[in-house]
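Structure first, then comments.
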Amino acid sequence: MAMSCKDSNKAAAAAAAASMDNGKYVRYTPEQVEALERLYHECPKPSSMRRQQLIRECPILSNIEPKQIKVWFQNRRCREKQRKEASRLQAVNRKLTAMNKLLMEENDRLQKQVSQLVYENSYFRQHTPNNPHASKDTSCESVVTSGQKHHLTPQHPPRDASPAGLLSIAEETLAEFLSKATGTAVEWVQMPGMKLCARARASSGCCRGTGGWSMYVLPTQ
């Protein structure tokens with residue numbers, strides 16, 4: 001008799017546990033989901049008393065336990081949070097994509113400009129007199145050399161021949177990039193300030209002899 005009582009108690013406990021496990025995966029009808037969604041928009045986080053009141057006010061929810069309704073609201077809030085986070089990440093991704101495209105276009109343009117500046121600088125160095133002992137000081141050679149220099153030397157030297165020209169080019173480049181970024185998706189990105197440092201590699205300046213200018217772009221706070 002004692003064994004039969006113990007067996008019946010175990011069977012009842014197992015049945016109760018099975019009933020609780022089945023309660024975790026409740027299948028809601030479309031009408032119940034519609035009613036719960038309507039209540040969610042009115043109150044996303046109802047209290048225990050409010051959930052019991054909802055069951056009394058909505059007969060269609062009478063067969064659902066308050067605990068199950070609590071779990072449904074928790075899952076619904078979690079899905080809403082995930083949806084908002086996914087939407088936010090998609091917006092950030094669109095901004096970063098637009099910024100990357102703009103920076104790639106600007107990088108291509110700057111590479112072309114650097115090639116042009118290198119060519120102009122090379123031309124300027126080749127046609128700048130840097131060897132005073134190259135020829136004898138005769139009248140005929142002096143006239144011919146003077147005529148050749150006058151013919152080969154451009155009237156307007158390249159802008160990168162002086163620190164002021166390099167600084168002007170850097171300022172124009174930065175201003176053009178920022179003007180392109182205005183009104184686009186990169187407005188939210190904080191652009192760091194830029195400053196130009198130019199210094200001569202050799203002690204003699206003005207790009208004479210083997211000396212030259214080096215340009216460094218440094219970020220500033």
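Numbering follows the UniProt record's numbering, in which position 194 of the sequence shown is assigned residue number 194; successive positions increment by one, without gaps. C-beta atoms are modelled at their ideal positions from N, C-alpha and C, and glycine is treated no differently. Quick caveat, the model's predicted, so the values are computed rather than measured.
*Pick helix, strand or coil for residue 109, following the three-state DSSP scheme.*
helix
_Closer than 8 Å is the cut-off here; do at least three beta carbon pairs connect the segment 49 to 66 with the segment 80 to 99?_
no
*Starting from residue 41, trace the alpha helix (DSSP H) both ways and give me its first and last residue.*
30 to 42
_Reference residue 69; option with closest CA among 30, 88 and 48_ = 48
*asked:* Closest to residue 26 by C-alpha separation, out of 44, 40, 75 and 115, would be which residue?
replied: 75
*asked:* My assumption, with CB atoms under 8 Å, is that residue 54 sits in contact with residue 46. Please give the rounded CB distance.
replied: 7 Å
*Following the continuous alpha helix (DSSP H) through residue 55, name the residue where it begins and the one where it ends.*
48 to 57
*How many Å lie between residue 120 and residue 102 at the Cα?*
27 Å
_Inter-residue CB distance, residue 44 and residue 77 (contact presumed, cutoff 8 Å)_ = 6 Å
*asked:* For residue 108 and residue 117, what's the separation of their Cα atoms in angstroms?
replied: 14 Å
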